[in-house]
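Counting from 1, position 204 in the sequence shown corresponds to residue 204 in my numbering; the numbering is continuous, with no gaps.
Ideal placement from N, C-alpha and C gives every residue a C-beta, glycine not left out.
Report on the structure given below.
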Amino acid sequence: MTNSPGRLLRLSRSRWVVVTAALVLFVAIGLIYSLRAVRHPVASPRSPNSATLSGADLFGHGRELVFRSTVLGPGYGYVAVEPLRGDTPAGPARRFTTIACDRVYAAARTLLCLAAKRGVVTTYSAVVYDENLRPVHRIALPGLPSRARLSPDGRIASWTVFVYGDSYLSTGFSTRTAILDTTTGNLIANLETFSIVLNGRPYSSVDVNFWGVTFAADDNTFYATLSTRGQTYLVKGDMARRTVVSLRTNVECPSLSPDGTRLVFKKRVSSDARAPWRLAVLNVATMQETLLAETRSVDDQAVWLDNQTVLYAMPEGGASAGSDLWSVPADGGGKPQKVLTGAFSPAVLAG
Numbered sequence: 001m002t003n004s005p006g007r008l009l010r011l012s013r014s015r016w017v018v019v020t021a022a023l024v025l026f027v028a029i030g031l032i033y034s035l036r037a038v039r040h041p042v043a044s045p046r047s048p049n050s051a052t053l054s055g056a057d058l059f060g061h062g063r064e065l066v067f068r069s070t071v072l073g074p075g076y077g078y079v080a081v082e083p084l085r086g087d088t089p090a091g092p093a094r095r096f097t098t099i100a101c102d103r104v105y106a107a108a109r110t111l112l113c114l115a116a117k118r119g120v121v122t123t124y125s126a127v128v129y130d131e132n133l134r135p136v137h138r139i140a141l142p143g144l145p146s147r148a149r150l151s152p153d154g155r156i157a158s159w160t161v162f163v164y165g166d167s168y169l170s171t172g173f174s175t176r177t178a179i180l181d182t183t184t185g186n187l188i189a190n191l192e193t194f195s196i197v198l199n200g201r202p203y204s205s206v207d208v209n210f211w212g213v214t215f216a217a218d219d220n221t222f223y224a225t226l227s228t229r230g231q232t233y234l235v236k237g238d239m240a241r242r243t244v245v246s247l248r249t250n251v252e253c254p255s256l257s258p259d260g261t262r263l264v265f266k267k268r269v270s271s272d273a274r275a276p277w278r279l280a281v282l283n284v285a286t287m288q289e290t291l292l293a294e295t296r297s298v299d300d301q302a303v304w305l306d307n308q309t310v311l312y313a314m315p316e317g318g319a320s321a322g323s324d325l326w327s328v329p330a331d332g333g334g335k336p337q338k339v340l341t342g343a344f345s346p347a348v349l350a351g
């Protein structure tokens, strides 16, 4: 897009502060996970208490929870799996792949891994693995991995990364969100190339950012967060038409329920950078919103365990390099429950 300093100077100062603070916190969380990974480098996951998985072991064995293991030890940072019994891991012990990721997601018989190659200059890549855990697509990423998603059938992949140096941001970073058709290899490297309809009118601005894509079952419709001029919006996208249309404000990192009727998302409820968000669920048809019983600030793109329960990661806290997975009912009732210790970036395989 063409830079427009005159238009940017007319931004509301308070809104600019809010969106800048949001992006700073968004990046800070990503950097924390990156630094933790550096402090605790990964090694081979093979140990007396773990078995190494092939694709045949990972896919097609009932409902399973796939995630990035954050338990300190040989398997730290590797993709792991635990079978699910209802909404609870069945154990007795997690099993590991030989794939290390910063972010991971799985659907149907596809695995998406956002990985870092650390050295004097750290580089990042998105790697798509098939049902045999063979890499079929590898794409260089322009920045720090943040979000990863697949469509329900595993055909369409999306990821968000942080990039630095865009001239319109005094903080020096923004996001890039890409979409890949894993069947054809067609890559949309930057969602910002899509036409935007905001509040019913065509819209273009230098400061547009997208993140947190989630897909419907038709491999064409998606939802995402759009940020511009100090405000976040829920947008509905059409891949065939290469358009996005705004639906409402104050929605971040949406995630569509298995039945396609609701979105769980992060809602900004405070300007306090220590606890800015609450999880909420939005009915797609009625736009009715329900705050969930989790009152802690959740900085994650939640997933759905089933149509009644959502799952999300929370840092363990203190000096720990790990995080835990928690669940909470999607109707606003109940209370949060810890599901799994030492896990991050979860996905639920239906079997």
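| Query | Result |
| --- | --- |
| What first and last residue would you give for the beta strand (DSSP E) that runs through N209? | 209–215 |
| Grab me the residues of M239's own chain with a C-beta within less than 6 angstroms of its C-beta, minus the 5 sequence neighbours each way, in chain order. | N220 |
| Starting from P83, follow its DSSP beta bridges and name the residues at the other end. | E64 |
| Whose C-alpha, out of L191, T110, K117, A116, is nearest the C-alpha of D153? | T110 |
| Take the Cβ of K117 as the centre, count every other Cβ of all protein chains shown within 10 Å, and call the residue buried at 16 or more, exposed below. | exposed |
| Under 7 angstroms Cβ to Cβ from L291, same chain only, skipping five residues before and after it: list those, please. | R278, A280, G332 |
| When the distance is taken between beta carbons, is L65 closer than 8 angstroms to P315? | no |
| Going by alpha carbons, who is nearest to R241 out of D207, F222, S323? | F222 |
| Would V206 pass as an interface residue toward chain D - the criterion being a Cβ-Cβ separation below 8 angstroms? | Of the protein chains in the structure, only one exists, and it is not chain D. |
| For T193, name the three-state secondary structure that DSSP assigns. | helix |
| Whole angstroms are fine: how far does the CA of E192 sit from the CA of S323? | 32 angstroms |
| Using the rule of at least 16 other Cβ atoms within 10 Å of the residue's Cβ for burial, across every protein chain shown, is Q301 buried or exposed? | buried |
| Check for me: the beta strand (DSSP E) holding N220 runs from which residue to which? | That residue, N220, is in no beta strand (DSSP E); it is neither H nor E in DSSP. |
| Strictly by DSSP, which residues pair up with S227? | N209, T232 |
| Please indicate yes or no: does the CB of G237 lie closer than 7 angstroms to some heavy atom of the ligand NAP? | No copy of the ligand NAP appears in this structure; indeed no ligand is present at all. |
| Report yes or no: do the region 54–64 and the region 126–134 share at least 3 C-beta pairs separated by less than 8 angstroms? | yes |
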